[in-house]
Structure formats: C-alpha cells, structure tokens
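J.:
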Amino acid sequence: MNKVICINDKIKPFNETINIDGDKSLSIRFAILASLAEGKSRAFNLLKSEDVLSTLNCLKKLGIKIIIKKNYCEIFGKGLNGYFYKNDLTLNAGNSGTAARLLSTAALNSPKFIRITGDNSLKKRDMKRIIKPLEKFGAQFKKNKGTLPLFIKGSDRLKPIKFSENLGSAQVKSVVLISALLSSNKITILKCKPSRTHTELLFKYLKIPITIKKTNKFDYIKIRGKKSFKGFNYKIPGDISSASFLIVLTLLSKNSKLTIKNINVNPSRTGIITILNKMGAAIKLKNKKIYKGENTADIFVKSINNLKAINLPKNFNNSTAIDEFNLIFLCAALAKGVSTFQGLLELQSKESKRLDWGFRMLKMIGIKSEKISNHGIKIWGKPNLKLNKNYIIKDYLKDHRIAMTSIVLALTLGGNFKIYNPDSIKTSFPSFKKIIKNLGGKIN
Ligand code: S3P
Numbered sequence: 001m002n003k004v005i006c007i008n009d010k011i012k013p014f015n016e017t018i019n020i021d022g023d024k025s026l027s028i029r030f031a032i033l034a035s036l037a038e039g040k041s042r043a044f045n046l047l048k049s050e051d052v053l054s055t056l057n058c059l060k061k062l063g064i065k066i067i068i069k070k071n072y073c074e075i076f077g078k079g080l081n082g083y084f085y086k087n088d089l090t091l092n093a094g095n096s097g098t099a100a101r102l103l104s105t106a107a108l109n110s111p112k113f114i115r116i117t118g119d120n121s122l123k124k125r126d127m128k129r130i131i132k133p134l135e136k137f138g139a140q141f142k143k144n145k146g147t148l149p150l151f152i153k154g155s156d157r158l159k160p161i162k163f164s165e166n167l168g169s170a171q172v173k174s175v176v177l178i179s180a181l182l183s184s185n186k187i188t189i190l191k192c193k194p195s196r197t198h199t200e201l202l203f204k205y206l207k208i209p210i211t212i213k214k215t216n217k218f219d220y221i222k223i224r225g226k227k228s229f230k231g232f233n234y235k236i237p238g239d240i241s242s243a244s245f246l247i248v249l250t251l252l253s254k255n256s257k258l259t260i261k262n263i264n265v266n267p268s269r270t271g272i273i274t275i276l277n278k279m280g281a282a283i284k285l286k287n288k289k290i291y292k293g294e295n296t297a298d299i300f301v302k303s304i305n306n307l308k309a310i311n312l313p314k315n316f317n318n319s320t321a322i323d324e325f326n327l328i329f330l331c332a333a334l335a336k337g338v339s340t341f342q343g344l345l346e347l348q349s350k351e352s353k354r355l356d357w358g359f360r361m362l363k364m365i366g367i368k369s370e371k372i373s374n375h376g377i378k379i380w381g382k383p384n385l386k387l388n389k390n391y392i393i394k395d396y397l398k399d400h401r402i403a404m405t406s407i408v409l410a411l412t413l414g415g416n417f418k419i420y421n422p423d424s425i426k427t428s429f430p431s432f433k434k435i436i437k438n439l440g441g442k443i444n
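Residue 1 is where the sequence shown starts when you use this note's numbering, and the numbers rise one by one after that.
1. Measuring straight from C-alpha to C-alpha, what distance separates L413 and T270?
2. Mind checking whether the beta-carbon of S453 lies closer than 8 Å to any heavy atom of the ligand S3P?
3. For S448, which residues from the same chain have a beta carbon less than 6 Å from its beta carbon, with the 5 sequence-adjacent residues on both sides left out?
4. Are K434 and I11 close, meaning C-beta to C-beta below 9 Å?
5. Using only the heavy atoms of the ligand S3P, determine whether one of them is closer than 8 Å to the beta carbon of D399.
6. What are the residues that DSSP puts in a beta bridge with T17?
7. Applying the criterion that 16 or more other CB atoms from any shown protein chain within 10 Å of the CB defines a buried residue, is N326 buried or exposed?
8. Looking at the structure shown, is E165 part of a helix, part of a strand, or coil, going by DSSP?
9. Tell me, please, whether the stretch 173 to 189 touches the stretch 145 to 165 by the rule of three or more beta-carbon pairs shorter than 8 Å.
10. Going by other Cβ atoms of all chains shown within 10 Å of its Cβ, with 16 needed for buried, is E294 buried or exposed?
11. Are L344 and N318 close, meaning C-beta to C-beta below 9 Å?
12. Nearest to I28 by alpha carbon, out of V4, C6 and N57?
13. Rounded to whole angstroms, how far is the Cβ of N421 from the Cβ of K124, which I believe are closer than 8 Å?
14. If you follow the beta strand (DSSP E) that S339 is in, where does it begin and where does it stop?
15. What do you get for F44, buried or exposed, if any count of 16 or more other CB atoms within 10 angstroms of its CB means buried?
16. Does the beta-carbon distance from E50 to G94 come in below 9 Å?
17. Alpha carbon to alpha carbon, what distance is there between P237 and C73?
18. Is it the case that the stretch 205 to 212 contacts the stretch 220 to 235, given that we only count it when at least three CB pairs across the two stretches are under 8 Å?
19. Take the Cβ of N81 as the centre, count every other Cβ of all protein chains shown within 10 Å, and call the residue buried at 16 or more, exposed below.
20. With C-beta atoms as the reference, is S179 less than 9 Å away from P149?
21. Considering only residues of the stretch 185 to 227, which uninterrupted alpha helix (DSSP H) runs meet the minimum length of 4 residues and lie entirely inside it, listed in chain order?
22. Which one of K204, K136, K235 and S96 has the shortest CA to CA distance from Q171?
23. With a CB to CB cut of under 8 Å and the five nearest residues on each side skipped, what residues in its chain are close to K227?
24. Would you call the CB atoms of I240 and I283 closer than 9 Å?
25. Any chance you could list the alpha helix (DSSP H) runs of at least 4 consecutive residues sitting entirely within the stretch 84 to 144, in chain order?
26. By the 10 Å Cβ neighbour count, where 16 or more other Cβ atoms means buried, how is I392 classified, buried or exposed?
27. With DSSP as the reference, label L515 as helix, strand or coil.
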C-alpha cells in the first residue's frame, strides 16, 4: 500500500474531456432505498468508493442480496420491513458519516440492539443530531455517549413526529425522511434548513407521498410513511464534489481547459460554481438535462489568472458547497483582495476539522488569514503566489478531501510536497489519481 506520495512538478497545460465517478450521496441513497424496495433494483455508474462499499456491506449484513458487476450493481430489496437482524449485529460504516447516520434507521424495526460503528475519524463525529429524532420516532438507545458506537433498537410502536432541523444537514433530514417512511402510515412533519435534496427527489420519483413547501429560510416537508414501492433502475451521474477538485485544478493551472461530462448539478450542490463564478471564473454548464428529478450537465472550465476576492454574504446557503470550502479557500488565497466566509461551523464536524485545516494550509503556504468569530475566515489573497519550499501534509485524520485539496495545491503552485495516507482518497474518488495522471500530473 502506498503510504506517501510526492509531487514536485506543476501540471502542464491540458485540454481534455473526461468522465468521473458516480455521485456519492446518490450512490448511498440508491443502495439504501433499493434495499427497502420490493424486488430487484439496478444502478449504473454506482460509485465504488470505500464509503459506498461500507454501505453495501452493512446492507448485506442486514440480509440483503447484492451483486456487483463491472457496469452495474443489483440490489434485491425485501420491502419496508425486510431486514434480517442477526444476534449481536454490528454495522460498520467505515469513514462514512452518511452511511452511519442514514443506516441507523435500519434499527427502527429491530427487536434486538444493533451496534453501529465506524473508523477513528467517524467515532469523533456528532451523532446526537440523529439520536434526537430517532428517539422521537420511538427508537431506544443504550450506553449512549452521543458518538459511535451507537447501540440502537426499534419498537413496535413507532410513531410519526414533528421535527425542526436547524443545522442544514441533509444527513439529519434524510434520517427523518427514511424513519418516517418506515414508521407509520401517518404524517411526519419536518421543518428544515435547506440542504441537498437527493432523498426528497428519490422519494418523489418512487411515488412515496411527500409534499415540500419552500420558504426563504426553511423547507416544510410532510411525509406519509409505510408506502411500499417496487425496485427501480438508476443511472448515477458524476459527483460534483469530486468534479470540484478538477475544476479548481483547471482554474489554477496555466492555459488549460476541461469538460467533465454528465455531472449532477442539483442546485443544492452547485454552490462552488456560484462562488467561483462570482470570483471571476467562467465555469459553464452545457447539455443540461433533468434525470429522475435531478439536474445534470457537462461542466466546462478553463484557466483563469485574475481571480477576484469575494465577501460571501452571511445569508449565502453554505450547505450548497459544504464539502468544497477548502478548495474555495485555496482560490481565495490566489485572488486579488481580501475574501471573507462566514457561518462555517459545520466544517468542524466533518471527517476532520476542515475550518482548522483551512487556516493551517493557508499558513503553510504563506497566506495571511484571520478568524471571524468561531465560524468564519478572512483570507488575504496573493495573486502571484509561487511555492518553492518543502511541504508535508500529515495527521489530517485521513480526510480524503484534505488529501485531494493538497494534491491540487501541489500541482498548481509548485514546491515539493509529501502527502501522507493518499489511500484516503478511495473514500470518495477512487479514480482521482488515474485521472490526474491522464491529465499529465506527476504523482510519485
Ligand atoms: C451528505 C451531506 C453533507 C456532506 C456529506 C454528504 C449527504 O453532510 O458533507 O459529505 O450525502 O447527505 P451534512 O448533511 O451532515 O452537512
């Protein structure tokens, strides 16, 4: 296994059209909903990253048959109450917060306690946010510390709930939606801060009764549970969060152009494009389509050498770019002027404390930054920044997005980089290194 990679050269100009791995959020949601469907479902371009494989392994442990072929994955769903609960069942979600949280709903029908656990990074992450709604539905917890491992069992008296979700977390929202589906044929009412909308869109496509009213600040969702549905097919579009590393690589490289085909551009995910275009980039969406309620498009991006600073308004919906902020900070480091970003406390609850990593990485490359309270960052850009020292990226809790941000940094700004634990990238974007090499990037 490759424990450290070295990058000592900037990437040369490139002009390519590429396809990338499937969307992680959609892959995990497809797998869970397919396991609850009646009969066979099939996904094409399912992401085969460690987070998705952890989800599939957990579903197999719940008695679901899954066949993975080169071009598709088949899941044989057993309906809304079809999981099989072995004694002393442990579901290990690996590094995946989405898998751990969404799969905790699997315990709602379990007469026995199920243990849900994950790796060292996942064990540090907050689970109180899902314990609250699950308890309201009627789930029972023991030895509960608010982090993994969780011990959960269900109840035969599950009830619909009223719940307010104030973090803007799609994971918490999805836990409530899936729990509502499993619990009762009465109506669950959810008021939530906007976040990615994939679960609702899949529910709509599967004709699960759901209504959504959007206001400026909140979405109001009503859902009636216990509606069974049949197996379905899904062609998973590319992941915009993964595409973002290649978008920023292209923007910050010299004289390069890139088209990334068939990406999920659901507006609840495209914050990075909005922000970078406000900073002067000319990222374009071409060949726009709607697929099963989701927006898809080819993304076209070219190099830029005059990025402008941005004051991201306080009311900007940060959840639309929640996994991309470290890349955005890197762009702000090269922009003309001082940029500010606020309301980013949720970044501290990710695979690593990503706001802290923002400060750390900027300091390492000689960029001045300052805290705005405990939730924001001010960045003094240096448009002519060039690196020529030795840089080491280590001890980042194997956070895949920090590893990939470092690779983009090394390939665009120069210097000699040593990046530890590059295998962490397989968590979300297994073909990343191969794509970089095909674009001409030298990773040793
Ligand atoms: C995800 C939602 C986001 C995101 C994560 C995937 C999802 O987390 O950071 O990588 O698939 O629902 P939160 O919903 O907790 O913000």
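For every residue, glycine included, the Cβ atom is placed at its ideal position computed from N, Cα and C.
T.: The short version:
1. 25 Å
2. This structure gives no information on residue 453, because the portion of the chain shown stretches from 1 to 444.
3. This structure cannot speak to residue 448, because the chain is shown only from 1 to 444.
4. no
5. no
6. T259
7. buried
8. strand
9. yes
10. buried
11. For the pair L344 and N318, the CB atoms are nearer than the 9 Å cut-off.
12. N57
13. Between K124 and N421 the Cβ distance is about 16 Å, and since that is not below 8 Å, they are no contact.
14. V338 to F341
15. exposed
16. yes
17. 15 Å
18. yes
19. Counting Cβ neighbours within 10 Å, N81 comes out exposed, since fewer than 16 surround it.
20. no
21. 198 to 205
22. S96
23. L181, N185, K207, I208 and P209
24. In this structure, the beta-carbon distance from I240 to I283 does not fall below 9 Å.
25. 97 to 103 and 128 to 137
26. exposed
27. With the chain covering only 1 through 444, there is no way to say anything about residue 515.
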